[in-house]
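Comments concern the structure below.
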Amino acid sequence: MPRVAHLRKYFNLVNDVIRDDDVYENVYIGDVLSFAISHIKDRSIWITIQNNINVIAVATLRDVKAIILTEGVKPDANMLQKSKQENIPIFTTELSHFETAKLLILQEKEGQNETLL
């Protein structure tokens, strides 16, 4: 299983929340919060551009292990504060959703000693 802590190698951790033993099993990509509520699987990484406190509310409903904000988006102050309270790491990147997902796939394959694409 891939570890959340390994995401620091590729993305900027902005809230200093990290648990070295946390693992994730899925990745969800989406920006519509009402849709995310019903589609994110537990123990997922969530890739989004939504940067408000409502993202943290949805993340806690689904046991999201980390959030990655793409396209250079930064969390607003309320999201940042609530993510610390809920112990949900937030990472940022300049990459697109697609590039972020591709990097996660390659990182997972590398961790499994598979041939990289």
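Residue numbers (this note's numbering): 2 to 118.
We put the CB at the ideal spot given by N, CA and C, even for glycine.
Comparing alpha-carbon positions, which option in the options lies nearest residue i?
i     : options                       : result
ASP17 : LYS103, LYS83, SER35          : LYS83
VAL65 : TRP47, LEU81, ASN79           : TRP47
GLN86 : THR49, ALA60, LYS103          : ALA60
PRO90 : ILE69, GLU109, ALA102, LYS110 : ILE69
LEU55 : GLU109, SER45, ALA102, LEU81  : As written in the sequence, residue 55 is Asn, which differs from the Leu given in the question. Comparing Cα positions, the closest option is LEU81.
SER35 : GLN51, PRO76, SER45           : GLN51
Got a sec? Which residues, its chain only, sit under 8 Å from residue i by beta carbon, not counting five neighbours each side?
i     : result
LYS42 : GLU26, ASN27, TYR29, ARG63
ASP77 : ASN52, ASN53, ILE54
In whole angstroms, what is the alpha-carbon distance linking residue i and residue j?
i      : j      : result
LEU8   : LEU104 : 10 Å
ARG20  : GLU100 : 25 Å
ALA1   : MET2   : Absent from the model: residue 1. The displayed extent of the chain is 2 to 118, so no value can be given.
ILE38  : THR93  : 21 Å
GLU95  : LEU107 : 18 Å
HIS98  : ASN53  : 18 Å
VAL15  : VAL74  : 11 Å
TYR11  : ASN79  : 25 Å
ASN13  : HIS40  : 26 Å
THR116 : GLU109 : Reliability of the predicted coordinates at THR116 is poor, the pLDDT of 45 falling under 50, and the value obtained from them is presented with this limitation in mind. Taking the straight line from one Cα to the other gives about 11 Å.
GLU102 : ASN88  : Inspection of the sequence shows that residue 102 is occupied by Ala rather than by Glu. Distance between the alpha carbons of ALA102 and ASN88 is about 23 Å.
SER45  : GLU72  : 20 Å
Between which residues of its own chain and residue i is the CB-CB distance below 6 Å, once the five residues before and five after are set aside?
i     : result
ASP23 : VAL5, LYS66
THR49 : ASP32
Exercise. Entirely within the region 84–111 and at least 3 residues each: give me those beta strand (DSSP E) ranges in chain order.
Key: Counting whole runs of 3 or more residues, the region 84–111 contains the beta strand (DSSP E) stretches 91–93.
Quiz item: Can you give, in chain order, each stretch of the alpha helix (DSSP H) that sits fully within the region 5–72 and has at least 4 residues?
Solution: Counting whole runs of 4 or more residues, the region 5–72 contains the alpha helix (DSSP H) stretches 34–40, 54–62.
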